[in-house]
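Residue numbering for the sequence shown follows the numbering used here, starting at 45 and increasing by one per position.
Below is one structure, written out as structure tokens; comments come after it.
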Amino acid sequence: MSVSIIIILITAGVSVFAFSNRDLFRRLAFNAYDIKHFKNSYRFLSYALVHADWIHLLVNMMVLYSFGGIVEQYYNMYFGLKGILYYILLYVAGAALSTLPAYGKHKDDYSYTAVGASGAVSAVVFASIIFAPLSKIYLFPIPIGIPAILFGVLYLIYSGYMGKKNIDNIGHDAHFWGAVFGFVFTIILKPALFMQLLSTLSNIF
């Protein structure tokens, strides 16, 4: 069984249980005030195990299922036995680090909470872009595939813009920084991949 499937099963199990157990939901959710004033640092990770509703959970887990296995295969191919460890680190660190901007903004705001694995999942998606920048990503309802590298650029622009506007309840900052982390982390592990990416893009332009 792949690591991605194990993560999906654990996340789905905890999320579904938390849907009917609001005390558990509150204890696992990201709350910057609680982390700063009560030293509950576990929330930097636990929030990725709970989701706002079924749609939130299903979207995140479907994206992880679609991209996680691909990244695992590439990690195993490039890093051998360490690939599994690096993949786990990609996901876990993506979840934790993507919340740091929110922590800085809201560490004195008791009312601010966030849930969902979007930051970690974004890290996985952007790691896949390093390996296959020209693969097609399909977004409903657009009937044609978008090259992964183009999707990545548009995703960062959109997430950065919406994060600054702060007009909805979506954690755009987590999406942005999770994506950046996944991209940078993979390049740090294998710097030659960046040159490979540049070579692929130069052949196009």
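Cβ coordinates follow ideal geometry from the N, Cα and C atoms, glycine included.
For clarity, every value in this text was computed on a predicted model and none was experimentally measured.
Looking at the unbroken alpha helix (DSSP H) that takes in residue i, where does it start and where does it end?
{"i": "Phe123", "result": "98–123"}
{"i": "Thr230", "result": "216–233"}
{"i": "Ser166", "result": "162–175"}
{"i": "Pro185", "result": "Premise fails: Pro185 is in no alpha helix (DSSP H) and is neither H nor E."}
{"i": "Thr244", "result": "236–248"}
{"i": "Ala140", "result": "126–141"}
{"i": "Lys151", "result": "Element bounds for Lys151: n/a, residue is neither H nor E."}
{"i": "Ala158", "result": "Counting along the chain, Ala158 falls outside any alpha helix (DSSP H), and DSSP gives it neither H nor E."}
{"i": "Ser35", "result": "One cannot answer for residue 35 here, as it falls past the ends of the chain, which runs 45 to 249."}
Verify whether the separation of the beta carbon atoms of residue i and residue j is less than 8 angstroms.
{"i": "Ile181", "j": "Ile190", "result": "yes"}
{"i": "Ala158", "j": "Ala146", "result": "yes"}
{"i": "Ile248", "j": "Phe238", "result": "no"}
{"i": "Gly163", "j": "Ser142", "result": "yes"}
{"i": "Leu74", "j": "Arg87", "result": "In the sequence as displayed, the identity of residue 74 is Phe instead of Leu. Their beta carbons are under 8 angstroms apart, which means Phe74 touches Arg87 by this criterion."}
{"i": "Ala76", "j": "Gly160", "result": "no"}
{"i": "Phe229", "j": "Leu134", "result": "yes"}
{"i": "Gly215", "j": "Val169", "result": "no"}
{"i": "Ile132", "j": "Val197", "result": "no"}
{"i": "Ile193", "j": "Leu245", "result": "yes"}
{"i": "Tyr199", "j": "Ala223", "result": "yes"}
{"i": "Phe123", "j": "Leu233", "result": "yes"}
Taking buried to mean at least 16 other C-beta atoms within 10 Å of its own C-beta, is residue i buried or exposed?
{"i": "Trp98", "result": "exposed"}
{"i": "Asn210", "result": "exposed"}
{"i": "Val94", "result": "buried"}
{"i": "Pro177", "result": "buried"}
{"i": "Ala236", "result": "exposed"}
{"i": "Asp217", "result": "buried"}
{"i": "Leu72", "result": "buried"}
{"i": "His81", "result": "exposed"}
{"i": "Phe184", "result": "exposed"}
{"i": "Met105", "result": "buried"}
{"i": "Ser155", "result": "exposed"}
Could you check how far apart the C-beta atoms of residue i and residue j are, in whole angstroms? I think they sit under 8 angstroms.
{"i": "Ala56", "j": "Leu89", "result": "Wrong, their Cβ atoms sit about 17 angstroms apart, outside the cutoff."}
{"i": "Tyr130", "j": "Tyr118", "result": "About 10 angstroms separates the two Cβ atoms, so there is no contact after all."}
{"i": "Ser100", "j": "Ser166", "result": "According to the sequence displayed, residue 100 carries His and not Ser. Their Cβ separation, rounded to whole angstroms, is 14 angstroms, which puts His100 and Ser166 out of contact at 8 angstroms."}
{"i": "Tyr23", "j": "Ile52", "result": "Because residue 23 is not part of the residues shown, which for the chain are 45 to 249, the question remains open."}
{"i": "Val115", "j": "Ala171", "result": "5 angstroms"}
Does the CB of residue i have a neighbour CB from chain C at under 8 angstroms?
{"i": "Phe123", "result": "Checking the listed chains, one finds no chain C in this structure; it contains a single protein chain."}
Jot down the residue ranges of each uninterrupted alpha helix (DSSP H) in the region 54–95, minimum 4 residues, whole runs only, in chain order.
Within the region 54–95, the complete alpha helix (DSSP H) runs of at least 4 residues are 66–72, 76–82, 87–90.
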